[in-house]
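Heads up: the structure comes next, in structure tokens.
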Amino acid sequence: MSEYDLVVIGGGPGGYVAAIRAAQLGMNVACVEMRGTLGGTCLNVGCIPSKALLDSSEKFEEASQHFAEHGIKAKVELDLKTMMGRKDKVVLDLTKGIEGLFKKNKVTYVKGKGSLKSATEVLVDGKDVLKTKKILIATGSDVTPLPGVAIDEKKIVSSTGALELDKVPEHLVVVGGGVIGLELGSVWRRLGAKITVVEFLDRVGGVMDGEVSKQFQRILEKQGFVFKLSTKVVAADTKGKQVSLTLEPAKGGDKETLSGDVVLVAIGRRPYTQGLGLEKVGIALDERGRIPVNNHFETSFPGIYAIGDVIAGPMLAHKAEDEGMAAAECMAGQKGHVYYDAIPSVVYTWPEIASVGKTEEEVKAAGVQYKIGKFPFMANSRGRAVGQTDGFVKIIADAKSDRVLGVHIIGPDAGTLIAEAVLAMEYGASSEDIARTCHAHPTLNESVKEAALAVLGRAIHI
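Throughout the sequence shown, residue numbering follows the numbering used here, covering 9 to 470 in sequence.
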């Protein structure tokens, strides 16, 4: 029987980061992961492989449709097998990299399914026992199933299956107009598929700022996306060559059918908490299947902690990472903390969408007096130079204090541009602080400065 200061159940972004941070703080740490490779959903079948395919498909579309604008003549052919092979190599290299980090930090990597035997014992595959002083649950999340639509990862796929298609479908139907569906839809659209998105809500992008959502939908429609909003899928028939979906209005009404070669179910994710043995120590889940924790990430049972997708908050890899570091620091008697108002979110379509803080709808609902500054990439010199002029930067600031309440970007490299806004909000900056910060020229970042100037009513370049 092995003995540790901390056993982490789950080797995803939250779990492996927590294990490394705890080891840095002097703990003897083991990390139990059942997948067989480290990195969790994000690295193996989520964030990383999808970004690899997004990058490859962007290059394919650029070469086949836009090189001529730059005076470059090229004959372009798709080699999907090679594209998929590159994606797989990126994933393999990174998972091996995490194993190397474990060795460097003397974290013991245990392959198998972890569960609680008691408050101080972790079972691995139901037989081996790891004795420990503390336990951290970081098991992440799984695909949310859709009643009446059984995923077989062939004709009806989850995000995992959508990353492994061996040919470009003629018609891909995406059920769910959120981040995952729109990113993977973008990959296959660029490679030649017709894309129809069926969304239960009356808008795309979920809870993103309403003004951004409207612009986002218009841009995607120009790219070829077809949207069926306020619509739900109630059944699927896979008997023929195609999948036949039965649809009806979200509020009820006449049914219709929609057929596609492949259907991607991307309606969200749910916490992975089943089979962990939580009931053995009396830890109860909340109404959404999540594990309640206090400000130190400790559950209702002392010495057992939880982070990431299994607790409240956005299901984001970087949120889990920060929680992992903070939880380890709390275990070591330090003051680990995560400022949840400054956690960014990004949609890696093109253009990208990035945001941090409150949406305009949230600020308005809270009764806060606010000011808005906007600046379009059409008026940004770097945007013009690189031919990326869709979208804008939107900054929301408190009307009285000028403190930045939220920043929303739709445009080129929005996921990178949002970092300065996150830093500004982390330190309680005002829009004037951003406006008076010197930005290099010509850069896309200047649009953030100009939006801040617009809050003050003194934008220069529009």
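Yeah, the Cβ is synthetic: ideal placement off N, Cα and C, and Gly gets one too.
Whole-angstrom Cβ separation of E198 and E69, contact assumed at under 8 angstroms?
-> Sequence inspection shows Arg at residue 198; the Glu mentioned does not correspond to that position. Contact between R198 and E69 holds, since their C-beta atoms are separated by about 4 angstroms, short of 8 angstroms.
Anyone know if the C-beta pair for H179 and D245 falls short of 9 angstroms?
-> No, Cβ-Cβ distance for H179 and D245 is not below 9 angstroms.
What residues in its chain sit with their C-beta under 7 angstroms from that of R278, if we drop five residues either side in the sequence?
-> Scanning its chain for C-beta atoms nearer than 7 angstroms, with the 5 sequence neighbours on each side dropped, one finds around R278 the residues S149, D150, T152 and G297, in chain order.
Taking 8 angstroms as the threshold, find out whether the region 279-299 comes into contact with the region 215-226 through three or more Cβ pairs.
-> Not touching, per the Cβ criterion.
DSSP three-state assignment for I468, whether helix, strand or coil | Look at I468 here: in three-state DSSP terms it is coil, with no helix or strand label.
Under 7 angstroms Cβ to Cβ from S432, same chain only, skipping five residues before and after it: list those, please.
-> The identity of residue 432 in the sequence shown is Ala, whereas the question assumes Ser. Answer for A432: V412, D441 and I442, listed in chain order.
T22 and G276 look like a contact to me (Cβ under 8 angstroms); what is the Cβ gap, rounded to whole Å?
-> Here residue 22 is Gly; the residue named in the question, Thr, does not match the sequence. That belief does not hold up - the Cβ atoms of G22 and G276 are roughly 18 angstroms apart, past 8 angstroms.
In or out: C55 buried (at least 16 other Cβ within 10 Å) or exposed?
-> Under this definition C55 is a buried residue.
Does the Cβ of T265 have 16 or more other Cβ atoms within 10 Å, making it buried, or fewer, making it exposed?
-> Counting other Cβ atoms within 10 Å of its Cβ, T265 stays below 16 and is therefore classed as exposed.
Contacting residues, own chain, Cβ-Cβ under 8 angstroms from G391 (five flanking each side not counted) | Around G391: F385, T397, G419, P420, L452 and S455.
Under 6 angstroms Cβ to Cβ from S252, same chain only, skipping five residues before and after it: list those, please.
-> Excluding the 5 residues flanking it on each side, S252 has same chain C-beta neighbours closer than 6 angstroms at D245, T265 and S267, in chain order.
Of the residues S238, V355 and I404, which one's Cα is nearest the Cα of S439?
-> Closest option to S439, Cα to Cα, is I404.
Spell out the partners DSSP gives R278 in its beta bridges.
-> Among the bridge pairs identified by DSSP, R278 is matched with D150.
Is it right to say Y348 is buried, meaning 16 or more other beta carbons lie within 10 angstroms of its own, or is it exposed?
-> Exposed is the call here.
Using three-state DSSP, classify F75 as helix, strand or coil.
-> DSSP places F75 in helix when its eight states are reduced to three.
Own chain, CB closer than 7 angstroms to E329, minus 5 neighbours either side, in chain order | Taking E329 as the centre and dropping the five residues before and after it, the same chain places the C-beta of P21, G22 and V25 closer than 7 angstroms to its C-beta, in chain order.
Own chain partners of Q223 with C-beta closer than 7 angstroms, once the 5 adjacent residues on each side are dropped = Result list for Q223: G399 and I418, in chain order.
Are there 16 or more other CB atoms within 10 angstroms of the CB of I188, so buried, or fewer, so exposed?
-> In summary, I188 is buried, with 16 or more beta-carbon neighbours lying within 10 Å of its beta-carbon over all protein chains present.
Simplified DSSP state of T254, which is helix, strand or coil | Looking at T254 - three-state DSSP - the assignment turns out to be strand.
With a floor of 3 residues, list each beta strand (DSSP E) that falls wholly inside the region 114-197, ordered by position along the chain.
-> Counting only runs of 3 or more, we get 116-119, 122-126, 129-132, 136-145, 149-151 and 179-183.
DSSP three-state call for H326: helix, strand or coil?
-> In the structure shown, the three-state DSSP call for H326 is helix.
Indicate whether the contact test is met: 3 or more Cβ pairs, each with one atom in the region 60-75 and one in the region 136-145, closer than 8 angstroms.
-> Short answer: they don't touch.
Outcome for K163 when other beta-carbon atoms lying within 10 angstroms are tallied against a minimum of 16 = Burial state of K163 is buried, judged by a 10 Å Cβ sphere holding 16 or more other Cβ atoms.
Tell me the DSSP bridge mates of V234?
-> Looking at the DSSP output, V234 sits in a beta bridge with T204.
Provide the residue(s) that pair with S363 in DSSP beta bridges, ordered along the chain.
-> Per DSSP, the beta-bridge partners of S363 are S353 and H416.
Could you please give the first and the last residue of the uninterrupted alpha helix (DSSP H) stretch that includes K97?
-> Start and end: L88 to K112.
Over what stretch of residues does the alpha helix (DSSP H) that includes L61 continue unbroken?
-> Start and end: C55 to E69.
Just mark K402 as buried or exposed, buried being the case when its beta carbon has 16 or more other beta carbons within 10 Å.
-> K402 should be labelled buried.
Near A350, which residues of its chain fall below 8 angstroms by C-beta distance, leaving aside the five closest residues on each side in sequence?
-> V364, G365, V430, M433 and E434, listed in sequence order.
Closest residue to K81 among D87, K89 and A71 (Cα-Cα distance) = Among D87, K89 and A71, the Cα nearest to that of K81 belongs to A71.
Does the separation of the CB atoms of A422 and A146 fall below 9 angstroms?
-> The Cβ atoms of A422 and A146 do not sit closer than 9 angstroms to each other.
Rank P310, S308, G186 and V301 by C-alpha distance to the C-alpha of G316 and give the top, closest one.
-> Of the listed residues, the one whose Cα sits closest to G316 is V301.
Using 10 angstroms around the beta-carbon of K112, count the other beta-carbons present and answer buried if the total reaches 16, otherwise exposed.
-> With fewer than 16 Cβ atoms within 10 Å of its Cβ, K112 is classed as exposed.
Straight-line Cα distance separating H416 from S409 | Our two residues, S409 and H416, have alpha carbons roughly 20 angstroms apart in a direct line.
What residues match up with P384 in a beta bridge as DSSP calls it?
-> BP columns for P384 point to F400.
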